[in-house]
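Report on one structure; see the data block that follows.
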Amino acid sequence: MLAKCLSKDQMRMEILSSVQRLHAELYTIQAEHFFVPSFIKAIDENTEQGFRNIMKEASPGVFVFEMLQPRFCEMLMAEVENFEKWVHETKFRIMRPNTMNKYGAVLDDFGMETMLDKLMEDFIRPISKVFFPEVGGSTLDAHHGFVLEYGMDRDVDLGFHVDDSEVTLNVCLGKQFSGGELFFRGVRCDKHVNTETQSEEVFDYAHLPGRAVLHRGRHRHGARATISGNRINLLLWCRSSVFRELRKYQKDFSSYCTECQRERKERQRQSVAAIKLVR
1 MLAKCLSKDQ
11 MRMEILSSVQ
21 RLHAELYTIQ
31 AEHFFVPSFI
41 KAIDENTEQG
51 FRNIMKEASP
61 GVFVFEMLQP
71 RFCEMLMAEV
81 ENFEKWVHET
91 KFRIMRPNTM
101 NKYGAVLDDF
111 GMETMLDKLM
121 EDFIRPISKV
131 FFPEVGGSTL
141 DAHHGFVLEY
151 GMDRDVDLGF
161 HVDDSEVTLN
171 VCLGKQFSGG
181 ELFFRGVRCD
191 KHVNTETQSE
201 EVFDYAHLPG
211 RAVLHRGRHR
221 HGARATISGN
231 RINLLLWCRS
241 SVFRELRKYQ
251 KDFSSYCTEC
261 QRERKERQRQ
271 SVAAIKLVR
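Throughout the sequence shown, residue numbering follows full-length UniProt numbering, covering 1 to 279 in sequence.
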């Protein structure tokens, strides 16, 4: 099959009609087979304390927790490898997950859109409602789901950036690897995305298979080089159309941008100083 110039919808139709699924159970949410018991228990309780019992705030705004069972990780990696094999054999031109990565696959493109919608709505949105209300955590209504592949014959690292999301879920699937740590450098709005990092904002995180990281999309981050082996990660960019519409009319983002917070405190300090001088 020759490479084709297809629309996004045409491309998905072509893929869905051509790629044979290895694990049909991956395409619908089966919580007891996908997730570790502690995560299911917290979701069932649906309370702030229940979420805090399983989630460690490793750095301000960066939450780490055990999420995926090893069997699910293995099946999803095998499904992606099967898809990549089909792409290679047919020379089918696919869209990669984003402009920064040359390897990986958009999971929606080969049939996982419904499953990922359910993952966002029933599992990530309840958590985001508690921990990320200021960026639309309670109104997440769209997603971009994909897998990234790192290694000597894949993408090696990932530059400093922010995500096109309100909330990002990042879960390591495997395999054997060293290096590849995430580095976080503070939350910024569009206006301040390139401002200097403060010492208290510096945080590095080492991946472990099955363990998830949840953070704001505006939390600046990148990935260090994978030194050996192969690292495969599942990412779910969760978006809120309500928040995005409201953001168009805002000028101050001190509810989440640390630089906006700093500027606001400075204005307040100057105002108080001016009042004291008048008196």
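Even glycine gets a Cβ: it sits at the ideal position worked out from N, Cα and C.
So, at 6 Å on beta carbons, what are the nonlocal neighbours of residue i in its own chain, with the 5 sequence-adjacent residues on each side left out?
{"i": "T57", "result": "At residue 57 the sequence reads Glu, which differs from the Thr that was named. Hits under 6 Å: F63."}
{"i": "D204", "result": "E181 and F183"}
Can you name, in chain order, every residue of its own chain whose Cβ lies under 8 Å from the Cβ of residue i, other than the five neighbours on each side?
{"i": "T28", "result": "T114, M115 and K118"}
{"i": "V130", "result": "E48, F51 and G137"}
{"i": "E66", "result": "V36, S38, F39, I54, G210, R211 and A212"}
Are residue i and residue j touching if we call contact CB-CB under 8 Å?
{"i": "M100", "j": "L26", "result": "no"}
{"i": "R211", "j": "C238", "result": "no"}
{"i": "I227", "j": "G174", "result": "no"}
{"i": "D155", "j": "K102", "result": "yes"}
{"i": "R218", "j": "R264", "result": "no"}
{"i": "V202", "j": "R185", "result": "yes"}
{"i": "L246", "j": "L169", "result": "no"}
{"i": "R216", "j": "Y249", "result": "no"}
{"i": "H23", "j": "M77", "result": "no"}
According to DSSP, is residue i part of a helix, a strand, or is it coil?
{"i": "A3", "result": "Its pLDDT being 45, under 50, A3 is placed unreliably by the model, and the measurement read from it follows with that caveat. Note: A3 maps to coil in three-state DSSP."}
{"i": "D9", "result": "helix"}
{"i": "Y150", "result": "strand"}
{"i": "F177", "result": "strand"}
{"i": "L22", "result": "coil"}
{"i": "R269", "result": "helix"}
{"i": "Y249", "result": "coil"}
{"i": "G145", "result": "strand"}
{"i": "A105", "result": "strand"}
{"i": "D190", "result": "helix"}
{"i": "K129", "result": "helix"}
Can you tell me where the beta strand (DSSP E) with residue i in it begins and where it stops?
{"i": "K56", "result": "K56 to S59"}
{"i": "C172", "result": "V167 to G174"}
{"i": "I232", "result": "T226 to R239"}
{"i": "L158", "result": "L158 to H161"}
{"i": "V135", "result": "Careful: V135 lies outside any beta strand (DSSP E) and carries neither H nor E."}
{"i": "D204", "result": "V202 to Y205"}
{"i": "E66", "result": "V62 to E66"}
{"i": "R211", "result": "R211 to R216"}
With a threshold of 7 Å on Cβ separation, who are the neighbours of residue i within its own chain once the five nearest residues in sequence on each side are excluded?
{"i": "residue 283", "result": "The structure shown does not extend to residue 283, since the chain is modelled only from 1 through 279, so no value can be given for it."}
{"i": "A42", "result": "G50, F51, N53 and I54"}
{"i": "E259", "result": "R188, H192 and T195"}
Would you kindly report the start and end of the unbroken alpha helix (DSSP H) that includes residue i?
{"i": "H88", "result": "P70 to T90"}
{"i": "D44", "result": "P37 to E45"}
{"i": "H33", "result": "A31 to F34"}
{"i": "L119", "result": "E113 to L119"}
For residue i, does the count of other Cβ atoms within 10 angstroms reach 16, so buried, or fall short, so exposed?
{"i": "G159", "result": "exposed"}
{"i": "V272", "result": "exposed"}
{"i": "I54", "result": "buried"}
{"i": "S128", "result": "buried"}
Does the ligand ADP have a heavy atom nearer than 7 Å to the CB of residue i?
{"i": "A225", "result": "Summarising the ligand content, the structure contains no ligands, and the ligand ADP is consequently not present."}
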